[in-house]
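Below is one structure, written out as structure tokens; the observations come after it.
In my numbering, the protein residues as written are -13 to 377.
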């Protein structure tokens, strides 16, 4: 269907050629004990006073719902609905897409994408080499995730027809918006190419990195981030950046910022309750203010891209709530490269419900298993109702 939609709308979206030019120019009452007995489904997020902004998104053991929330227009058995999750950059691996080659629509999707971006997407996904796949991972992951949808359409057509919501991690949010018809395929591909080039250019401008940190229950991560920034200042870094970039699940975050700050955390994290660290295989400090150049490039490009309100709820991972209209989508696409990915909070928004309530079928589409792994940590019941669509 994505392929057919692409062919129908290609003439209408020809105005997106200006994006191509830009891309070339841019380098309750329930106790915590009861919750533990019933499962993870009643976890929510509550704000902490602004006096400690680093803790504003700390996990709390009670669901916090807006007082003005409206009841759904109709009662639907959650077991008859589907939620789709799409991965971001970093999920790629050489050989992804091999399981999709027998599906004609998936093969055609790879061919169409290659025509739009000017390089062989299928070859890079299947054969690499790893360095090229790493450089072109954003487009490769997006196309492979959309191709996985074609596998679902072949094997579980009813699951897609019953889809009620979608979310994507970072880049995956754009994939979700394509599926929800908020973006047409061709301009989305060009936008992702621009996004990748702009983020790479911003990363080259200043030595920076991302670091996954696993935390002890008594960890003082905000204090560690502060000390890392102070160390970077003493090392000669002007206005150093060191902050949480990805909220993955309780006890695990990704921090990002200047290289000096990352090195400090690697050496001294244990003093603040950091159990271990691991470098993320990316070129720079994504989802921090160090990506302001990439945000600027996206803001300049987006007026040339037609954006519509999603036909199905798509959650903005920087805010942990669903997009309301096309204007919100356009705004979110521009700013999400400089804002943290609040994935844990997004999963709470999607799956938090009273104990005893059934869960939807959740499909994790695309390469890698990180989305289901984080879902297991955030909401075990939702995980039990989830499947990975192999690619």
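Heads up, the beta-carbon is just placed ideally off N, CA and C, and yes, glycines get one too.
Owing to the predicted nature of the structure, the values given are computational and were not obtained by experimental measurement.
Of the candidates 189, 83 and 137, 83 places its Cα closest to the Cα of residue 112.
Counting only runs of at least 4 residues, the segment 262 to 294 fully encloses the following alpha helix (DSSP H) elements, listed from N- to C-terminal order: 278 to 287. The beta carbon of residue 245 sits closer than 7 Å to the beta carbons of 193, 194 and 195 from its chain, once the five residues preceding and following it are set aside; these are given in chain order.
Note that the C-beta distance between residue 154 and residue 72 is below 8 Å. Within the segment 312 to 371, the alpha helix (DSSP H) runs of at least 4 residues that lie entirely inside it are, in chain order, 312 to 321, 329 to 337, 356 to 364 and 366 to 370. Boundaries of the beta strand (DSSP E) harbouring residue 152: 149 to 154, taken from the DSSP string. Taking C-beta atoms as the reference points, residue 312 and residue 281 fail to come closer than 8 Å.
Per DSSP, residue 105 lies in no alpha helix (DSSP H) and is assigned neither H nor E. Using a Cβ distance threshold of 8 Å, residue 129 and residue 164 do not count as a contacting pair. The straight-line gap separating the alpha-carbon atoms of residue 310 and residue 295 is approximately 7 Å. Counted as a single uninterrupted DSSP element, the beta strand (DSSP E) harbouring residue 70 occupies residues 68 to 72. Between the alpha carbons of residue 150 and residue 316 lies a gap of roughly 21 Å.
When secondary structure is reduced to three states using DSSP, residue 120 falls in the helix class. Boundaries cannot be given for residue 309, as no alpha helix (DSSP H) includes it and DSSP labels it neither H nor E. A contact is defined here as three or more CB-CB pairs under 8 Å, and the segment 246 to 258 fails this definition with respect to the segment 274 to 288.
As a beta-bridge residue in DSSP terms, residue 243 pairs with 195 and 228. In this structure, residue 269 sits near residue 186, with a CB-CB distance shorter than 8 Å. Secondary structure at residue 170: coil, using DSSP grouped into helix, strand and coil. Inter-segment contact for the segment 134 to 143 and the segment 77 to 93 is present: three or more beta-carbon pairs are separated by less than 8 Å. Straight across, the Cα-Cα distance linking residue 363 with residue 236 is about 7 Å. Checking the DSSP bridge columns, you'll see residue 200 partnered with 238 and 262. Rounded to the nearest whole angstrom, the C-alpha separation of residue 189 and residue 340 is 43 Å.
By the criterion of a C-beta distance shorter than 8 Å, residue 116 is surrounded in its chain by 80, once the five residues flanking it on both sides are discounted. Per DSSP, the unbroken beta strand (DSSP E) holding residue 299 starts and ends at 299 to 302. The beta carbon of residue 204 sits closer than 6 Å to those of 259, all from its chain and outside the five residues before and after it, given in chain order. Within the same chain, Cβ atoms closer than 7 Å to the Cβ of residue 307 are found at 301 and 335, the five residues on either side in sequence being excluded. If you look at residue 158, you'll find it in the alpha helix (DSSP H) that goes 157 to 165. The three-state reading of DSSP puts residue 377 in coil, since its state is none of H, G, I, E or B.
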